[in-house]
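Novice: Can you read through this structure? Questions will come right after.
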Amino acid sequence: MKKLLIALAAVLVTAASYGQGTIYFNTRVVGVVDAPVTLAGGGSPGPDYTAQLYLVGTGGSLTALTPATTFRSGSALAQEYVAVPNDPVTVPGVPPGGSATVELAAWKTSLGSFDAAKAANQLGLSAPVTVDNLGGGAIVPANLVGAGGALQGFVIPAVPEPSVIALGVLGVSAFMLRRRK
Numbered sequence: 002m003k004k005l006l007i008a009l010a011a012v013l014v015t016a017a018s019y020g021q022g023t024i025y026f027n028t029r030v031v032g033v034v035d036a037p038v039t040l041a042g043g044g045s046p047g048p049d050y051t052a053q054l055y056l057v058g059t060g061g062s063l064t065a066l067t068p069a070t071t072f073r074s075g076s077a078l079a080q081e082y083v084a085v086p087n088d089p090v091t092v093p094g095v096p097p098g099g100s101a102t103v104e105l106a107a108w109k110t111s112l113g114s115f116d117a118a119k120a121a122n123q124l125g126l127s128a129p130v131t132v133d134n135l136g137g138g139a140i141v142p143a144n145l146v147g148a149g150g151a152l153q154g155f156v157i158p159a160v161p162e163p164s165v166i167a168l169g170v171l172g173v174s175a176f177m178l179r180r181r182k
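If you read the sequence shown in this note's numbering, its first letter stands for residue 2, the second for the next number, and so on.
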């Protein structure tokens, strides 16, 4: 019986050491979080855009947290907020009850990835927010709020239209030709 209790205690200690903090991934919780994401020039991202939380590490490094999601469909106002995933976001290496600094990134899904959107200068990023008292185990997942305030909304840079680029090139060409005369 004594060996069984020691083994059970060892299992419980091991399981507790593997516990991960969790965050409720929602950019709209009435009275708590209101972080709309919009597009430069107006409009809402909607379901054609990806949203993902990133853990901010030392030196500003970003580590993707899962699950990622899209933005809501429906009215234009609804499309400014993320479609809440079924499961909370897991923050590896941070125990339940701990704190983690995260940023919300958003980009057009057709660009493929965070890195591709960043390279194309079409990545929207929130200001960092330190989330206190992460959930996990018996603790309810934390909202995107900390002592410094809640997650804030931001704007995703505009995707230049090919026609705008073509008009710009045509204008520069005409200017160069006129300058020669």
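We treat Cβ as the ideally placed atom computed from N, Cα and C, and that holds for glycine.
This structure is a prediction, so every number in the text was calculated from the model and none was measured.
1. So, with DSSP's three-state summary, where would you put G42?
2. List the residues that DSSP assigns as beta-bridge partners of R29.
3. Among I24, D35, A41, A52, whose alpha-carbon lies nearest the alpha-carbon of W108?
4. Does the beta-carbon of A118 have 16 or more other beta-carbons within 10 angstroms, so that it is buried, or is it exposed?
5. If we ignore side chains and look at the alpha-carbon of each, how far apart do P158 and P46 end up?
6. For V141, does the count of other Cβ atoms within 10 angstroms reach 16, so buried, or fall short, so exposed?
7. Short of 6 Å in beta carbon distance, which residues of its chain neighbour Y25, apart from the five on each side in sequence? Order them along the chain.
8. Please list the terminal residues of the continuous alpha helix (DSSP H) segment that includes F155.
9. Given this structure, state the Cα-to-Cα distance separating V57 from A139, to the nearest angstrom.
Specialist: On the basis of the coordinates in this document:
1. coil
2. D35
3. A52
4. buried
5. 11 Å
6. exposed
7. P89, P142, N144
8. From DSSP, F155 is part of no alpha helix (DSSP H) but of the beta strand (DSSP E) over 155–157.
9. 25 Å
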